[in-house]
Amino acid sequence: MSDPIASETIAAFQRDGAVMIPGLFAGQVEALRRGVERNMQAPGPYAAENLKETEAGRFFDDYCNWQRIEEFEAAAHDGRIVAAAAGLMQSRSVQLFHDHVLVKEPGTSKPTPWHSDGPYYFVQGRQTVSFWVPLDPVEEASLRLVAGSHCWDKPVLPTRWLTEETFYPDPDAFMPVPDPDAEGMRVLEWKMQPGDAVAFGFDVLHGARGNTTKQRRRAFSLRLVGDDARYVERPGPTSPPFPGHEMQAGQRLREDWFPVLTC
Numbered sequence: 249m250s251d252p253i254a255s256e257t258i259a260a261f262q263r264d265g266a267v268m269i270p271g272l273f274a275g276q277v278e279a280l281r282r283g284v285e286r287n288m289q290a291p292g293p294y295a296a297e298n299l300k301e302t303e304a305g306r307f308f309d310d311y312c313n314w315q316r317i318e319e320f321e322a323a324a325h326d327g328r329i330v331a332a333a334a335g336l337m338q339s340r341s342v343q344l345f346h347d348h349v350l351v352k353e354p355g356t357s358k359p360t361p362w363h364s365d366g367p368y369y370f371v372q373g374r375q376t377v378s379f380w381v382p383l384d385p386v387e388e389a390s391l392r393l394v395a396g397s398h399c400w401d402k403p404v405l406p407t408r409w410l411t412e413e414t415f416y417p418d419p420d421a422f423m424p425v426p427d428p429d430a431e432g433m434r435v436l437e438w439k440m441q442p443g444d445a446v447a448f449g450f451d452v453l454h455g456a457r458g459n460t461t462k463q464r465r466r467a468f469s470l471r472l473v474g475d476d477a478r479y480v481e482r483p484g485p486t487s488p489p490f491p492g493h494e495m496q497a498g499q500r501l502r503e504d505w506f507p508v509l510t511c
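Residue numbers (our numbering): 249 to 511.
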């Protein structure tokens, strides 16, 4: 695969777990906006509204829709994006794990809770990357990531966003969710234009500010895995659950469900 990503960017991704790549999805912005509108008009089975009745605004998210929303599938097969993923992960192969849409309407002050994606998933490996792509200019409702958190010895406790309950029955297997600001951690955050992308590994602790502005904050995410990604058993249903996958611990993700992408 060709590698359009500078060696300094790859080094920063490996070191910090996250980098911002200006314009990586610029050619997909208009199509992805259409795809998000289609997704919101016809949500999938995993769609969620992440606000309580007393909280203002709207925080919508949905995932695993690339097979029915062609704009999402096209972005996943964009050769420049696939090559960037391969370069960042230092992987020969790139597999599509899933897509994710997150929309915070104006006046949605609720932040996205601090979390790591990896513990929710049934896949493990060092070669993973998520691209978080705003489809509107972002100055205040931005993604925030803790540098180096992908190297922590213990995974962060996964919780349910709306109820704040523990996701799995054994919380002792995880470290408590930290407060990065109170604990003085190095938090990465960027002002972004539509089509810019934050790339980060599945184990990176991250969250997002609320949207107190007068404009929407639509974001599209693409989750990808590389050569060393393997199916792992979790102590309960994962998110996404992918029912009926029939994979066994230690296997690579089945390619008929999680296609290999090429440049």
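For each residue, glycine too, the CB sits at the ideal point set by N, CA and C.
Just so it is clear, the structure is predicted and the values come from calculations on it, not from any experiment.
With 16 or more other Cβ atoms from the protein chains shown falling within 10 Å of its own Cβ, Gly366 counts as buried. Between Asn298 and Val349, the CB-CB gap reaches or exceeds 8 angstroms. Excluding sequence positions up to five before and after Ala304, its CB lies within less than 6 angstroms of the CB of Gly355, all in the same chain and listed in chain order.
For secondary structure counted as the alpha helix (DSSP H) over 4 or more consecutive residues, the stretch 312-373 holds these complete runs in sequence order: 318-324 and 327-337.
Within the same chain, and ignoring the five residues on either side of Met337 in sequence, the residues whose Cβ sits closer than 6 angstroms to its Cβ are Gln375, Val377 and Gly474. Within the stretch 367-442, the complete beta strand (DSSP E) segments of 3 residues or longer fall at 376-382, 391-394 and 435-437, listed in chain order.
Shortest Cα-Cα distance from Met268 to any of Pro361, Thr414, Lys439 and Val371 involves Lys439.
With 16 or more other Cβ atoms inside 10 Å of its own Cβ, Val284 counts as buried. Looking only at Ala259, Asp264 and Ile253, the smallest Cα-Cα distance to His398 is reached by Asp264. In the three-state scheme derived from DSSP, where H, G and I count as helix and E and B as strand, Gly265 is classed as coil.
For Leu391 and Ala323, the gap between their C-alpha atoms comes out near 20 angstroms. Of all C-beta pairs linking the stretch 491-505 to the stretch 402-411, fewer than three are shorter than 8 angstroms, placing the two stretches out of contact. Residue Leu472 holds the alpha-carbon nearest to the alpha-carbon of Gly335 among Gln496, Glu481 and Leu472.
Less than 8 angstroms separates the beta-carbon of Ala266 from that of Ala447. For Val446, the enclosing beta strand (DSSP E) covers residues Ala445 to Phe448. Annotation: Phe261 to Arg434 spans about 15 angstroms, alpha carbon to alpha carbon. Beta-bridge analysis with DSSP links Asn298 to no other residue. Note on Asp384: 16 or more other CB atoms within 10 angstroms of its CB, so buried under the neighbour-count rule. Your pair Gln343 and Leu501 checks out as a contact, with CB atoms roughly 6 angstroms apart and the cut at 8 angstroms.
Comparing alpha-carbon positions, the option among Phe307, Glu319 and Gly327 lying closest to Ile253 turns out to be Gly327.
By the Cβ neighbour-count rule, Ala259 is exposed, with fewer than 16 other Cβ atoms within 10 Å of its own.
In the DSSP annotation of this structure, the continuous segment of the alpha helix (DSSP H) that includes Gly283 starts and ends at Val277 to Gln289. Following the DSSP letters along the chain, one finds Ser469 inside the beta strand (DSSP E) bounded by residues Arg465 to Val473.
If you compare the alpha carbons of Ala389, Thr486, Val394 and Pro428 with that of Phe307, the shortest gap goes to Ala389. Burial check for Lys402: the Cβ neighbour count within 10 Å stays below 16, so the residue is exposed.
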